[in-house]
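Each step along the sequence shown adds one to the number in the working numbering, with nothing skipped, and position 85 is 86.
Glycine is no exception: its CB is placed at the ideal position from the N, C-alpha and C atoms.
Everything numeric in this text was worked out from a predicted model, so none of it was measured.
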Amino acid sequence: MILLFSVFVLIYFHRVLIMFCLSPITAWATRHHNVLGIKHKSIYTKLADKYCWWFERLFLYWCGNIHSHRIRKFFYKNVHQIQIEKKVVIYSGTEIRNPSGLCIGKGSIIGDNAILDARAGIKIGKNVNLSSNVSIWTLQHDYRDPDFACNPNHYGPVRIENRVWIGPNSIILRNVTIGEGAVVAAGSVVTHNIPPFELWGGIPARSLGKRPQNMRYEFKGTYCHFL
């Protein structure tokens, strides 16, 4: 019986076991990874870049699909260097680019299948709700560039203030700040800053109304263990 249970655990959690064994190397590569392509003379940076190109992305994919919230959060925080405060919930299927550039405040929720491109930095405040299939992009290719490159003037950080609610299937583009208590309607594309306590929606998103400023709710960090 014990043997059968051991075989089951090995088969079901084999990726988790591999990630635990190789987590020190992954953590080192994350710390030294040259995200924006800036030239460094350090041999450590060059090795980390070469290593991270495939290995870290693979580990992040595995981590996003682990069927355990606690294990997933452990790897995100302790191996991939994401700044995660208490009561944060990150659902499965999340894709994160440059995890060390991501900061998530207390009581915030990242819905399933979110894409968080933190290569130029993403800061998420407290009690923020990102619904399913939300995408945040901090880099953009220049369609006029002969090499279709991401030039320095085509990337910028995204900042989401406290108690923001972003609806399902919304897209947030580079150099955007979403003010406290703002709401983004489902399926919107946000290209400009959103003032606090306003409702925006559409493609591109525009102001649709106001939200009361007496918001005081706080998420308690409850979650389904295997989602």
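Around the Cβ of residue 142, are there at least 16 other Cβ atoms within 10 angstroms (buried) or fewer (exposed)?
For this step, residue 142 is matched to residue 141 along the sequence shown. With fewer than 16 Cβ atoms within 10 Å of its Cβ, residue 142 is classed as exposed.
Use the C-beta contact count for residue 154: other C-beta atoms within 10 angstroms, 16 or more gives buried, fewer gives exposed.
Reading the sequence shown from its first residue, position 153 is the one you call residue 154. It counts as exposed.
In angstroms with no decimal places, state the Cα-to-Cα distance between residue 270 and residue 186.
Residue coverage of the chain in this structure runs from 2 to 228, which leaves residue 270 outside it and unanswerable.
Along the chain, which unbroken stretches of the beta strand (DSSP E) at least 3 residues long are found entirely within the segment 116 to 171?
116 to 118, 123 to 125 and 159 to 161
Alpha carbon to alpha carbon, how far is residue 151 from residue 125?
Sequence index remark: in the sequence shown, residue 151 carries index 150 (1-based). Sequence index remark: in the sequence shown, residue 125 carries index 124 (1-based). Spanning the two alpha carbons is a distance of roughly 24 Å.
Extent of the continuous beta strand (DSSP E) run through residue 211
Along the sequence shown, one-based indexing puts residue 211 at 210. Segment 207 to 211, the beta strand (DSSP E) holding residue 211.
Near residue 210, which residues of its chain fall below 8 Å by C-beta distance, leaving aside the five closest residues on each side in sequence?
For the purposes of this step, residue 210 is taken as the residue at position 209 of the sequence shown. Excluding sequence neighbours, residue 210 sits near 199 and 200.
If you follow the alpha helix (DSSP H) that residue 71 is part of, which residue opens it and which one closes it?
Along the sequence shown, read from residue 1 onward, the residue named residue 71 stands at position 70. First-last of the alpha helix (DSSP H) with residue 71: 70 to 79.
If you draw a straight line from the alpha carbon of residue 139 to that of residue 3, how long is it in whole angstroms?
Walking along the sequence shown from the start, residue 139 turns up at place 138. Walking along the sequence shown from the start, residue 3 turns up at place 2. Roughly 49 Å between the two C-alpha positions.
How about residue 129 and residue 175: do their beta carbons lie closer than 8 Å?
On the sequence shown, position 128 is the one that residue 129 refers to. On the sequence shown, position 174 is the one that residue 175 refers to. No, the Cβ-Cβ distance between residue 129 and residue 175 is not below 8 Å.
With a threshold of 16 other CB atoms inside 10 Å of the CB of residue 223, please say whether the residue is buried or exposed.
Taking the first residue of the sequence shown as 1, we reach residue 223 at position 222. Residue 223 is exposed by the Cβ-count criterion.
Where does residue 83 fall in DSSP's three states?
One-based indexing of the sequence shown puts residue 83 at position 82. In the structure shown, residue 83 sits in coil (DSSP, three-state: anything other than H, G, I, E or B).
Residues sharing a beta bridge with residue 103, DSSP
What you label residue 103 is simply residue 102 of the sequence shown in a count that begins at 1. Bridge partners of residue 103: 123.
How close, in whole Å, do the beta carbons of residue 118 and residue 93 come, if the pair is a contact with beta carbons under 8 Å?
The residue you call residue 118 lines up with position 117 of the sequence shown. The residue you call residue 93 lines up with position 92 of the sequence shown. Actually they do not touch by this definition, with Cβ atoms about 18 Å apart.
Apart from the five residues just before and just after residue 122, which ones in its own chain have a Cβ nearer than 6 Å to its Cβ?
By one-based count along the sequence shown, residue 122 stands at place 121. Closer than 6 Å at Cβ, skipping near neighbours: 102 and 158.
Count the other CB atoms within 10 Å of the CB of residue 205; is the residue buried (16 or more) or exposed (fewer)?
Residue mapping note: residue 205 aligns to position 204 of the sequence shown, counting from 1. By the neighbour-count rule (16 or more Cβ atoms within 10 Å), residue 205 is not buried but exposed.
Could you tell me the distance, in whole angstroms, from the CA atom of residue 115 to the CA atom of residue 214?
As a position in the sequence shown, residue 115 is number 114, starting the count at 1. As a position in the sequence shown, residue 214 is number 213, starting the count at 1. Using only the alpha carbons, I get a separation of about 27 Å.
Checking 8 Å against the spacing of the C-beta atoms, do residue 88 and residue 108 come in under that value?
Within the sequence shown, the letter at position 87 stands for residue 88. Within the sequence shown, the letter at position 107 stands for residue 108. Cβ atoms of residue 88 and residue 108: closer than 8 Å.
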